[in-house]
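Numbering (full-length UniProt numbering), first residue to last: 1 to 187.
These notes concern the structure reproduced below.
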Amino acid sequence: MQVRTVGGEGVRAYADGIGRVYAEVFTAPPWNEDPAAAGQYTERLATDAERPGFTAGLALGADGTVTGFATAWTTPAPFPADRSYGHVARALGPGRVREWLSGALEVDELAVAPAARGAGTGAALLAAVTRQAPDGRCWLLTSVHAASTVRFYRRAGWHQLPTPVPGRAGLVVFLGPRHPAGASLPR
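Dropping the structure here:
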């Protein structure tokens with residue numbers, strides 16, 4: 001396995017492989033997304049690639065096929081209100097959102113094809129996209145319904161905020177291992 005980091009222009013060349021991995025991972029439990037979501041994700045990826053600070057980590061097999069990917073970008077200030085951001089802002093409050101998340105590197109997606117799991121691919125992808133986090137400030141959202149995903153982030157040293165994010169998805173915020181606010185959180 002080789003992990004390659006690419007920017008917005010570079011990620012477009014891998015869109016089909018990213019879409020295939022996205023469909024393989026996120027149509028399965030616990031995510032259970034509609035298979036059409038993979039096509040929608042690759043469309044969204046083209047827009048996401050334009051975001052400030054966008055980076056993607058790609059795990060490539062020996063034959064060059066995508067076996068996993070991660071995407072990240074800089075969270076804007078002021079903090080957005082679309083997607084799940086509004087729920088996060090209500091859960092954490094404006095002070096913590098401003099101090100902890102705005103201007104930090106936000107990991108948006110991380111997916112590893114089932115056949116490529118167990119070899120450190122997820123950890124390598126996470127490290128690749130967070131390496132340049134300003135002052136170690138990086139964060140992500142995931143669902144508590146994805147128990148193996150939550151365990152993965154904890155093993156990787158990420159700090160789970162004890163404040164639940166309102167809504168049906170059971171979202172939780174994780175701060176990166178070197179995030180300055182992480183030291184004050186329970187493990």
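Just so it is clear, CB atoms sit at the ideal spot from N, CA and C, and this is done for glycine as well.
Check: Just reading off the alpha helix (DSSP H) that arginine 90 is part of, what are its end residues?; Outcome: 85 to 96
Check: Nearest to glutamate 50 by CA position, among Asp135, Glu9, Thr67, is which residue?; Outcome: Glu9
Check: Alpha carbon to alpha carbon, what distance is there between arginine 178 and glutamine 160?; Outcome: 13 Å
Check: Give me, in chain order, the residues of the same chain whose beta-carbon lies closer than 8 Å to that of serine 84; leave out the 5 immediate sequence neighbours on both sides.; Outcome: Leu141, Val165, Gly167, Ala169, Leu171
Check: Measuring CB to CB, does glycine 103 end up less than 8 Å from proline 134?; Outcome: yes
Check: Please state if the CB of tryptophan 73 and the CB of glutamate 106 are separated by a distance shorter than 8 Å.; Outcome: yes
Check: For threonine 75, is the classification buried or exposed, using 16 other Cβ atoms within 10 angstroms of its Cβ as the cut-off for buried?; Outcome: buried
Check: Would DSSP call arginine 151 helix, strand or coil?; Outcome: helix
Check: Identify which residue in Arg155, Arg154, Thr5, Gly120 has its Cα closest to the Cα of alanine 70.; Outcome: Thr5
Check: Bridge partners of tryptophan 139, per DSSP?; Outcome: Glu106, Leu175
Check: Name the one or two DSSP bridge partners that tryptophan 31 has.; Outcome: Tryptophan 31 is not bridged to any residue.
Check: Determine the DSSP secondary structure at glutamine 132, reduced to helix, strand or coil.; Outcome: coil
Check: Buried or exposed for alanine 147, going by 16 or more other Cβ atoms inside 10 Å?; Outcome: exposed
Check: Out of Leu45, Leu126, Gly64, Pro52, point me to the one whose CA is closest to glycine 19's CA.; Outcome: Leu45
Check: For my contact list, valine 112 and glycine 61 are in at a C-beta cut-off of 8 Å; report their separation, rounded to the angstrom.; Outcome: At roughly 12 Å, the Cβ-Cβ gap does not stay under 8 Å, so valine 112 and glycine 61 are not in contact.
Check: Looking at alanine 128: is its Cβ nearer than 8 Å to the Cβ of glycine 182?; Outcome: no
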